[in-house]
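Numbers in this note's numbering are just positions in the sequence shown, counted from 1, shifted up by 346.
Glycine included, every Cβ here is placed at the ideal spot set by N, Cα and C.
As the structure is a computational prediction, the values presented were derived from the model and not from experiment.
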Amino acid sequence: MKRIVFATGNEGKMKEIRMILSDLGLPVVSMKEAGIHADIVEDGKSFEENADIKATAVQKLCGDIVLADDSGLEIDYLGGEPGIYSARYMGEDTSYRIKNANLIERLHGVPDEKRTARFVCAISAALPDGRVLRTRGTIEGIIGYEERGENGFGYDPIFYLPEYHCSTAELDPDTKNKLSHRGKALEAMKEKLRSVLEGEAFHEDTDCK
C-alpha cells in the first residue's frame, strides 16, 4: 500500500483530511491528484450509503485504500434539511454564500432554541481485500443570523457554537479538527486504518464486502 486516495476534489476538505491523517505514514491524495476521473452517481438514502458508493467505486479504479465521506447539515426546524442533499441544495453550482443566505432567510424570526442543527459526516474506507470500514461523527450547534468567519467552507460561516461564542468558520484549524464532525469521523477512521496497516483485523468488518 503506497497511498490513500480520498474521493473528493474539495481542496478545503483535503486540507483538513491531510492534517488529521498525516501520521499514518502514507501520502493522502485526492482523486484529481491520483489521476482518477469518475462520474459517480450518489443515489444512496443516507450519508453512509453515499460514502460507500463513492469509496467502492473509486477503489475499483485504482486498487488503493480509498476513503470517501458524505457529510451535510441537518436543521431541525426544516425537518432535517438540507441533509444528504447539502452539496446539491439549490443546485451544485450555486455558491454557498447564496445557500447560506437562503437558509438564514428561511429561519427568519425563529428563536435560538428552535434553530438547532448538526453537521454529520459518514466516512467509508474501501480496502483492497473487499472490506469496507465505516465511521460517523457529528457536531451540534445552531444556525446563526449571519455569516461569520473565514476559516471554514460551505455552511461553516452560519453554523454557530454557543459554548464557543463563534461559528465553525471562526475556529482555528486545530480546534476545528478536534470538534468538527469530519474531524471526529476521521480520527475514528484513522485508528481503524492504523490497525489495518499494522496487520490487525476488525472482526466486525471481516465479512463486509
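Contact under 7 Å by Cβ, residue i with residue j
i	j	result
L419	F465	yes
A401	V387	no
R494	D410	no
E377	I469	The question names Glu, but residue 377 is Met in the sequence shown. The answer is no: Cβ separation not under 7 Å.
N497	A515	yes
Residues sharing a beta bridge with residue i, DSSP
i	result
I421	E427 and A463
Y435	DSSP lists no partner for Y435.
T514	The partner list for T514 (beta bridge, DSSP) is empty, contrary to what the question assumes.
T478	The question names Thr, but residue 478 is Val in the sequence shown. Note: V478 sits in a beta bridge opposite A472.
T484	V466
For residue j and residue i, believed in contact at Cβ under 8 Å, the rounded distance
i	j	result
A531	T481	5 Å
G483	F505	About 14 Å; that fails the 8 Å criterion.
M360	F352	7 Å
Where residue i falls, given that 16 or more other Cβ within 10 Å makes a residue buried
i	result
A380	buried
Y501	buried
A397	buried
Y440	Reading off the sequence, residue 440 comes out as Thr, not Tyr. Exposed: under 16 other Cβ atoms inside 10 Å.
R528	buried
K460	exposed
Q405	buried
S541	exposed
F548	Only weak support exists for where F548 lies, its pLDDT of 46 falling under 50; the value from the coordinates is given anyway. Exposed, because fewer than 16 other Cβ atoms sit within 10 Å of the Cβ of F548.
Min CB distance residue i to chain C below 7 Å
i	result
E427	Among the protein chains of the structure shown there is no chain C, as only one such chain exists.
DSSP three-state assignment for residue i, whether helix, strand or coil
i	result
S441	coil
S376	strand
E493	coil
T552	Caution applies to T552, whose pLDDT of 33 falls short of 50 and renders its modelled position unreliable; the model cannot decide the point.
V542	helix
A414	strand
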